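Numbering (UniProt numbering), first residue to last: 1 to 313.
From the three backbone atoms N, C-alpha and C, an ideal C-beta is built for every residue, glycine too.
Here the structure is a predicted model, which is why all the values come from computation and not from measurement.
Below is one structure, written out as structure tokens, with a few remarks after it.
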Ligand code: 9Z3
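Here's what the structure looks like:
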């Protein structure tokens, strides 16, 4: 691997990936969505990635390595982007948090409902407001074609779908944005060196060698969608190295900003690292319903507006 150039590593990753299921269907939905939102009104389009990717250990996968992410950041950010007038391609890990569902009780969700008689279903009064808002906002976003949800599970699916979306958005240019909040695996088992069947147990410890996932951010910036505004995330558990790592990522991948967050405080504050300096963004702690994404998306949308203006002049 080390003798290969970056581009070669990327092509060899895709060439050896299992083919994406339902690719035609995904492309059709994607192109329709982009066409609808970019022609005429010329709405801005953001691709929000959310949740963690898995690394299968077997081709007929029973076991996998996972990356932590509840999908809360991506879901909350999506709601805020829609509110700000964007159309959102929500590329999310199956089963993770969905836009407009954050205020619904998930455990146990079914306790929201009751049957006053056999032909009617009702929501308990304590949950009426939350359910009403969730259903109305979600239906409005989908009815106005402002939200396209595309699920992934594995690192293979995620990267193939990201490439499809980026190439489909190429012509939208500076009005498009990538907001990469998904937690993406750094290491994986290459498909052609993976066993087909379930790894057998009972023969002692298991040794697995993981290859490095090629860094797709540079290719996204230079080739797939070079004119798009691009925001990446940096997650660390050690606060001491966070800003340094985020600053290095900013320089290396030439993204427009890196949102730095520490695992345990990620819901309270993030630091937006960019060439114009570092900005700490917090949730308004005096308002219980306030979330950090309200202030974060306001700032990102502002920066995107400046970027669009500058690219037109
Ligand atoms: C993040 O840093 C996200 O903010 C979180 C959100 C995953 C922490 P939750 O989904 O948490 O609300 O529970 N995402 C990026 C994580 C990541 O893998 N970044 C890579 C890195 O740090 C760069 S692509 O090297």
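Who are the near neighbours of residue 134 in its chain, counting only those whose CB is closer than 8 Å to its CB and skipping five residues on each side? 100, 101, 103, 104
What first and last residue would you give for the beta strand (DSSP E) that runs through residue 46? 45 to 50
Quick check on DSSP: helix, strand or coil for residue 10? helix
Our contact map puts residue 87 next to residue 60 with C-beta atoms below 8 Å; I'd like the distance itself, whole angstroms only. Not really, about 37 Å apart at Cβ, beyond 8 Å.
For a test of the three-state rule: what should DSSP assign to residue 104, helix, strand or coil? coil
Where residue 1 falls, given that 16 or more other Cβ within 10 Å makes a residue buried: Only weak support is given to the placement of residue 1: the predicted model assigns it a pLDDT of 44, under 50, and the value that follows is read from those uncertain coordinates. The residue is exposed, with fewer than 16 neighbouring Cβ atoms inside 10 Å.
Three or more beta-carbon pairs under 8 Å between the region 267 to 280 and the region 250 to 257, yes or no? yes
Go ahead and pull the three-state DSSP assignment for residue 160. helix
Does the region 60 to 79 come close enough to the region 179 to 194 to have 3 or more Cβ pairs within less than 8 Å? yes
Given this structure, state the Cα-to-Cα distance separating residue 98 from residue 151, to the nearest angstrom. 11 Å
Alpha carbon to alpha carbon, how far is residue 220 from residue 165? Give it in angstroms, no decimals. 10 Å
Enumerated in chain order, which unbroken segments of the beta strand (DSSP E) with a length of 3 residues or greater are wholly contained in the region 201 to 270? 229 to 236, 257 to 262
If we call anything under 8 Å between Cβ atoms a contact, is residue 156 one with residue 38? no
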